[in-house]
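Numbering (full-length UniProt numbering), first residue to last: 1 to 405.
Positions of the beta carbon are idealized from the N, C-alpha and C atoms, including for glycine.
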């Protein structure tokens, strides 16, 4: 007759520990997958138009890169390419702007053109013109729309037209811009484009005219992770963009903090450690707000300000060069209050002490990241104000796209 085996308390603890370890490992894996989805989401933006319309300058301005930058799209050259050329965003490598072959030539055939450049690989199209929109623009837009893709008309070099019109016959700049916009929109509607969206921009003054409005419109019409990556890739032209970036980053803080907390409890993740994970996250925050060294150098080149002048506006600790010791100090300061409680619990009930320590790791990580987002947002606002100081014109935040249209 078989005898029943009595499970000892030690065996129960081993089983409980094993189950807990597996659950923690699975939760960490799921959290890491969600964070990985955000990092790996791609956004492909097609930029097309006639040769000489300023496509390359638009691509550079959208990426916050000067025309003379080594990473810039080449400008001022005769277009001969028959292939789409991708340009990666300097801070968001999963965001790519594609310089498509020029349109408007006698050999241009919209349907063939879209097949050649790979219509369905792009999330939306920017159709650029430097003067009026022609039949080739209209035909291309109609083909893009029939394929279910969104498109936006960009009227480039509007600063030249505005200056010439004011000099020739006077008038208020805002009234002249509205007239240009109305005329271009009416012409496109007469040509068969329903509800055309026309944005008047200057690639050499991206903080003025409709460039910020274009950014806001694109962000509002994307969904999910693609909206998130576009928002973080946008140049900091207005306080509205900065505030939206803060909101987007706050939305994923708890996942990062929980991954750091639970990861420290699993043998595989513990090897990488909480501090390196937080350092990588804080560096990505710096890039999103455009206050890392490379971003500040690019902004200085674009605005004519010195790097040192812009860098002096970065006052927060998390905006400076990060080190493991510095991040560890931030975590320690955030956890100092809860650590007393954890020590008391660990002395009396070791299991509760372990749980409390995990809670401290989460709270300390969460507080550190949340504070960093707020501080870096304030740094970015000061940098933006300094970068635009002394401009001939400064533009307030753009209105909601719904009001505009």
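Worksheet entry | Cross-strand partners of residue 49 (DSSP beta bridge) | Beta-bridge partners assigned by DSSP to residue 49: 128.
Discussion item. By the three-class DSSP mapping on this structure, what secondary structure does residue 234 have?
Written reply: coil
Discussion item. Rounding to the nearest angstrom, what Cα-Cα distance links residue 239 and residue 194 in this structure?
Written reply: Whole-angstrom Cα-Cα distance: 32 Å.
Fill in: Rounded straight-line distance, which links the Cα of residue 206 to that of residue 468
Here the chain covers residues 1 to 405 and nothing more, so residue 468 does not appear.
Worksheet entry | Residues near residue 366 by beta carbon distance below 7 Å, same chain, minus five either side | 253, 254, 257
Worksheet entry | Candidates 94, 182, 126, 300, of which the one nearest residue 103 by Cα | Closest by alpha carbon: 126.
Item to complete: Tell me whether residue 212 is buried or exposed, calling it buried when 16 or more other Cβ atoms sit within 10 Å of its Cβ.
Response: buried
Worksheet item: According to the Cβ coordinates, are residue 138 and residue 97 closer than 9 Å?
Response: no
Fill in: Helix, strand or coil at residue 285 according to DSSP, with G and I counted as helix
DSSP places residue 285 in helix when its eight states are reduced to three.
Item to complete: Look at residue 236 and residue 95 and say whether their C-beta atoms are less than 9 Å apart.
Response: no
Discussion item. Looking at residue 242: is its Cβ nearer than 9 Å to the Cβ of residue 145?
Written reply: no
Worksheet item: From residue 108 to residue 183, what does the alpha carbon distance come to, in whole angstroms?
Response: 26 Å
Worksheet entry | Which of helix, strand or coil DSSP assigns to residue 201 | coil
Worksheet entry | residue 184 (DSSP reduced to helix, strand or coil) | helix
Practice prompt. Would you grab the beta carbon distance between residue 277 and residue 300 for me? Rounded to a whole angstrom, and I think it's under 8 Å.
Written response: About 31 Å separates the beta carbons of residue 277 and residue 300, which is beyond the 8 Å limit, so they are not a contact pair.
Worksheet entry | DSSP-derived helix/strand/coil call for residue 86 | strand
Fill in: Expected contact under 8 Å - CB spacing of residue 483 and residue 150 to nearest Å
Residue 483 lies beyond the range of the chain shown here (1 to 405); nothing can be said about it.
Fill in: Three-state secondary structure (DSSP) of residue 373
helix
Worksheet item: What's the C-alpha gap between residue 328 and residue 67?
Response: 40 Å
Worksheet item: Nearest-angstrom Cα distance between residue 389 and residue 118?
Response: 42 Å
Worksheet item: By the 10 Å Cβ neighbour count, where 16 or more other Cβ atoms means buried, how is residue 166 classified, buried or exposed?
Response: exposed
Discussion item. Here's the rule: buried if 16 or more other CB atoms are within 10 angstroms of the residue's CB, otherwise exposed. What is residue 314?
Written reply: Residue 314 should be labelled buried.
Practice prompt. Could you check the C-alpha separation between residue 86 and residue 44 for me, to the nearest Å?
Written response: 9 Å
Fill in: Sequence-distant residues of the same chain with beta carbon closer than 6 Å to residue 110, five excluded per side
139, 140, 143
Item to complete: Please report the residue range of the beta strand (DSSP E) in which residue 152 lies.
Response: 150-155
Worksheet item: Leaving out the 5 sequence neighbours to the left and right, which residues in its chain are closer than 8 Å to residue 171 when beta-carbon positions are compared?
Response: 165
Worksheet entry | Extent of the continuous beta strand (DSSP E) to which residue 96 belongs | 95-99
Discussion item. Between which two residues does the alpha helix (DSSP H) holding residue 216 run?
Written reply: 211-221
Practice prompt. Let me know if residue 322 comes out buried or exposed under the rule of 16 or more other beta-carbons within 10 Å of its beta-carbon.
Written response: buried
Item to complete: Within 10 angstroms of the Cβ of residue 178, are there 16 or more other Cβ atoms? Answer buried if so, exposed if not.
Response: exposed
Discussion item. Quick check on the burial criterion: 16 or more other C-beta atoms within 10 angstroms. Buried or exposed for residue 280?
Written reply: exposed
Discussion item. Considering Cα atoms alone, identify which of 197, 203, 202, 204 is closest to residue 218.
Written reply: 197
Discussion item. Does residue 106 pass the burial test, meaning 16 or more other C-beta atoms within 10 Å, or should it be called exposed?
Written reply: If you draw a 10 Å sphere on the C-beta of residue 106, you find fewer than 16 other C-beta atoms in it, and that means exposed.
Practice prompt. Starting from residue 137, follow the alpha helix (DSSP H) in both directions and report where the run begins and ends.
Written response: Here the alpha helix (DSSP H) through residue 137 covers 135-146.
Worksheet item: Thinking just about the alpha-carbon of each residue, which of 308, 289, 61, 51 is nearest to the one in residue 373?
Response: 289
Fill in: CA-to-CA distance, residue 49 to residue 113, given in whole angstroms
Cα atoms of residue 113 and residue 49: separation of roughly 12 Å, rounded to the nearest angstrom.
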